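Same order as they appear, the protein sequences are chains A and B. All letters in the first sequence, in the order written, are residues 29 to 448 by the numbering used here. All letters in the second sequence, in the order written, are residues 29 to 448 by the numbering used here. Cβ coordinates follow ideal geometry from the N, Cα and C atoms, glycine included. Treat the numbers as computed from the prediction; the structure is a model and nothing was measured. Each remark here refers to the structure printed beneath this line.
Protein chains: 2
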Amino acid sequence: MARSNLLYAHSGGVTAVINATASAVIGAARAHPERIGKVLAAHRGILGVLAEDLIETAALDEAALQRLSLRPGGVFGSCRFDLPQTATADGRRVMDRLFEVFAAHDIGHFIYNGGNGSMDVVGRLRDAAQQRGYPLVCIGAPKTVDNDIVGTDCCPGFGSAAKYLATSMLEAGLDIRSMAGSRGSVFVMEVMGRNTGWLAAATALAAGGDADAPPHIVLVPEAGFDEEVFLAEVRRVTERLGYCTITVAEGIRRADGSPIVEKSREGGYVQLGGAGSAIARMIHERLGYKFHWAIPDYLQRAGGHWLSAVDREQALAVGRAAVEMALDGRNGCFPAIRRLGEAPYRWEVGTEDAAAIANLERTLPVAFMRTDGLHVTAAARDYIRPLIEGEVPQPTAGGLPDYGALALQPVARRLPPWQA
Amino acid sequence: MARSNLLYAHSGGVTAVINATASAVIGAARAHPERIGKVLAAHRGILGVLAEDLIETAALDEAALQRLSLRPGGVFGSCRFDLPQTATADGRRVMDRLFEVFAAHDIGHFIYNGGNGSMDVVGRLRDAAQQRGYPLVCIGAPKTVDNDIVGTDCCPGFGSAAKYLATSMLEAGLDIRSMAGSRGSVFVMEVMGRNTGWLAAATALAAGGDADAPPHIVLVPEAGFDEEVFLAEVRRVTERLGYCTITVAEGIRRADGSPIVEKSREGGYVQLGGAGSAIARMIHERLGYKFHWAIPDYLQRAGGHWLSAVDREQALAVGRAAVEMALDGRNGCFPAIRRLGEAPYRWEVGTEDAAAIANLERTLPVAFMRTDGLHVTAAARDYIRPLIEGEVPQPTAGGLPDYGALALQPVARRLPPWQA
């Protein structure tokens, strides 16, 4: 087999463990010098490939790779960029450029670390390479806090975000319970997840199975939001306990599909805030309770100080497996997590076809949602629980995680500039 | 000396280490059975005293006290309640009731764990006891994440919230830097602190002294907000780095004292969001940058999984000292943290008069703010740095902190019900 270089790229929103996958890809690729020459990374994802903005990873020694594997965010930079359809003029122009860059840098292996959209790109790059007769093996590596990739039992990045949010609900719940008063106190936490309720469901782990423990209500997009049913439950919980804690997935919708948006005091609907603030104000205006709301936003997907050990292990495993799959010529595939058993939780890495699941979306099964649409079931908790297990000690300096500084070395350009 | 019971109460917003102070009070009081009989706690603070809603702490064994010392929130419940002025009819009625409850339960020592307002109550209770000839020693114990109590170098609760927020800015900064694009990305984090910028200033620890590292801008109430100066700096940072991270204290004001509120699309000012969302939207509308914003809300003061070891040590120390001061008859005083040295940081617990500092507010000194009002200085970082030092291992179960369940045993009532 010919020897060629490997290119790695982040894609889409980053996670607390995407760098773990990157470090595993680099480490595994280095173990095969007979097949893989240089290990390069794209700066800012696919945009960096187009711009021929590449990074030489040889400068990262073993200690630096270890540090990288513990650092949240995407060290090489990422982007949200939809590859235009291949059949269009713009699509051909973009595809031509990608292969010019691959050829200029002797890229024979491309590992694309992303979500559903990225799996589509993996499939299209495989097809384009075959049509062009260019020797490229293109492999996906799953990553998303949203846990919405089809074909894998779970997605690296989800477990750590889930652990962060369940811990946050547990802790904020202890706080608001302290402050619960006769006039009722409500706490709303808005979480990520796009069109799915996986991250919202994870907060239910804070309660174990205790119906009186936070979160008392979990709103997920899959359930459909009914204002009257919801407010009745908020009132019931608050009258019984003196407080009510609520997880709101950012993507919740009414049964007719309309989003929940901020209602201005004038009565018109104006999109002034996310679902969390809209829900908090709805409760205040309709029930008169005091409220607090939290939006962890990027904090929930960057919590390197509180990683799930299982999640990080899986992020490392898919990185290693992606390199093995590239060497095995499993073009257009991605490593997927397969659940083998519970108690103890056991898993392995399997192989899935990227094009087959591209742009699909894995939503919460009906069995994971309570029939009233206001909480998740024990089945949901049983599924998520093992994914947040285990802690990962982080080196610290001055009371903060010591993520270190990583010097990234650019690769000299060989092509004319790209005109985006 | 006569033997009598001790009553402990939380007051105001709780913290991640207020239970540490509570556990230290209980432990220290038990060490003096010759002077202190029962150790009781008020349920929901001073409202619990009025309602004669008291808790017997004898059921908490040593293991339970240790667990309590690691648990965020206020386990006995707290409240925000302003004691009416003593000279008013309502004030006399309330004060009469408090002393009826004290007498009914043979309370000779009262330890009130709160902020500036609570120190006022400590002084007033001391005065009232002396006027009534009731043998009560009343001691404050400082607590607030806002760090705004006068007379103490810092406040238990602040260090852990500061550590949480500095870590959050560090981690979210790594995330947004990954996603920085040509159109500019802005991240705004709104933090607590009431009228002071101590917590906002703490996020500057994330940057060390690196002017290019998050947070790029820190807005504190003490500086006065100037929209044009601020937006010019946001533009400058974003054009240089591709992204800009901003900490916004909840209490920021314009130089004329007006608050920063959400501006509706109609142009009128309507209070629809906090300072953080208002700032984020201002940037989007004026500069066109994409934005994300986070509101950690209760999460920042309940982060038991990521405590500052120094903060917890000080929370324990003021609890122990408050009991010693009660036994020494230092009526109307509170234990204060005194800074003895830097590198290594050294501190001790001194004694301050509660009435002398009651209702005052400790704000950021001018030397802690950069002259343009858009950041804090090295002096601010040097002051805060030792307060976030050290980590506290938490027992975990199933990937979450194991804060345990504490059975609280109510004290039988001896008085007629209180009519609030």
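For residue i, which residues in chain B fall below 8 angstroms Cβ to Cβ?
i       : result
V42(A)  : D203, S206, M207
K171(A) : Going along chain B, no residue has its Cβ under 8 angstroms from K171(A), so there is no contact; the nearest lies around 12 angstroms.
R413(A) : G426, G427
Applying the criterion that 16 or more other CB atoms from any shown protein chain within 10 Å of the CB defines a buried residue, is residue i buried or exposed?
i       : result
V42(A)  : buried
Q328(B) : buried
Q342(A) : buried
P393(B) : exposed
R442(B) : exposed
L247(A) : buried
L227(A) : buried
Y411(A) : buried
L78(B)  : buried
Got a sec? Which residues, its chain only, sit under 8 angstroms from residue i by beta carbon, not counting five neighbours each side?
i       : result
A200(A) : F215, M217, P242, T273, A322
R108(A) : G40, G41
N33(A)  : I64, G65, K66, V67, L68, H133, D134, I135, G136, H137
A435(A) : A87
V103(B) : N47, A50, L96, L434, L436
V338(A) : G187, Y373, P414, L415, I416, E417, G418
At least one CB of chain A closer than 7 angstroms to the CB of residue i: is that the case?
i       : result
Y297(B) : At Y297(B) the pLDDT is 38, less than 50, meaning the model places this residue with poor confidence and gives no usable figure here.
E417(B) : yes
H71(B)  : no
W446(B) : no
Y326(B) : yes
W334(B) : yes
A48(B)  : no
S106(B) : yes
Can you confirm whether residue i, when its beta carbon is compared against all beta carbons of chain B, has any partner nearer than 7 angstroms?
i       : result
T195(A) : yes
P100(A) : yes
S213(A) : no
A30(A)  : no
So residue i contacts chain E; which residues on that side make the cut at Cβ distance below 7 angstroms?
i       : result
A330(A) : This model lacks chain E altogether; the protein chains it does include are A and B.
To the nearest angstrom, report how far apart residue i and residue j are at their CA atoms.
i       : j       : result
A86(A)  : A448(A) : 29 angstroms
A59(B)  : A345(B) : 15 angstroms
S51(A)  : G270(B) : 25 angstroms
I74(B)  : R211(A) : 17 angstroms
T405(A) : A235(A) : 12 angstroms
L428(A) : R120(B) : 49 angstroms
V219(A) : E261(A) : 20 angstroms
L300(A) : G55(B)  : Only weak support is given to the placement of L300(A): the predicted model assigns it a pLDDT of 42, under 50, and the value that follows is read from those uncertain coordinates. Their Cα atoms are separated by approximately 50 angstroms.
S286(A) : G304(A) : 15 angstroms
H403(A) : A157(A) : 47 angstroms
V439(B) : Q94(A)  : 55 angstroms
H454(B) : V265(B) : Residue 454(B) falls outside the range modelled here, since chain B spans only 29 to 448, and no answer is possible.
R263(B) : H312(B) : 11 angstroms
List the residues of chain A that residue i touches, going by C-beta distances under 7 angstroms, in chain order.
i       : result
G237(B) : Residues of chain A passing the Cβ test: none, with the nearest at roughly 12 angstroms.
T424(B) : E419
K191(B) : G427
R367(B) : Correct list: empty, because the minimum Cβ distance to chain A is about 16 angstroms.
Near residue i, which residues of its chain fall below 7 angstroms by C-beta distance, leaving aside the five closest residues on each side in sequence?
i       : result
R413(A) : L233
I365(B) : T180, D181, C182, Q342, W375, V377
Q422(B) : L98, G332, H333, P429
N359(B) : R154, V165, C166
Suppose the cutoff is 6 angstroms on Cβ atoms and the five residues either side in sequence are ignored; what does the same chain contact list for residue i look like?
i       : result
D176(A) : T224, E389, R390
Y162(B) : F127
A229(B) : V404, A408
At a CB-CB cut-off below 7 angstroms, which residues of chain B make contact with residue i?
i       : result
A322(A) : I323, P324, D325, Y326, L327
Can you pull the chain B residues whose beta carbon is under 9 angstroms from the beta carbon of residue i, in chain order?
i       : result
P429(A) : T195, L198, E199
Just to make sure I have the definition right: I need the residues of chain A whose C-beta is within less than 8 angstroms of the C-beta of residue i. Which are they?
i       : result
A234(B) : L428
R314(B) : Those within 8 angstroms of R314(B) in chain A number zero; the least Cβ separation is about 17 angstroms.
Would you mind telling me which residues of chain A sit closer than 9 angstroms to residue i, beta carbon to beta carbon, in chain order?
i      : result
R95(B) : Chain A residues near R95(B): none, gap ~12 angstroms exceeds 9 angstroms.
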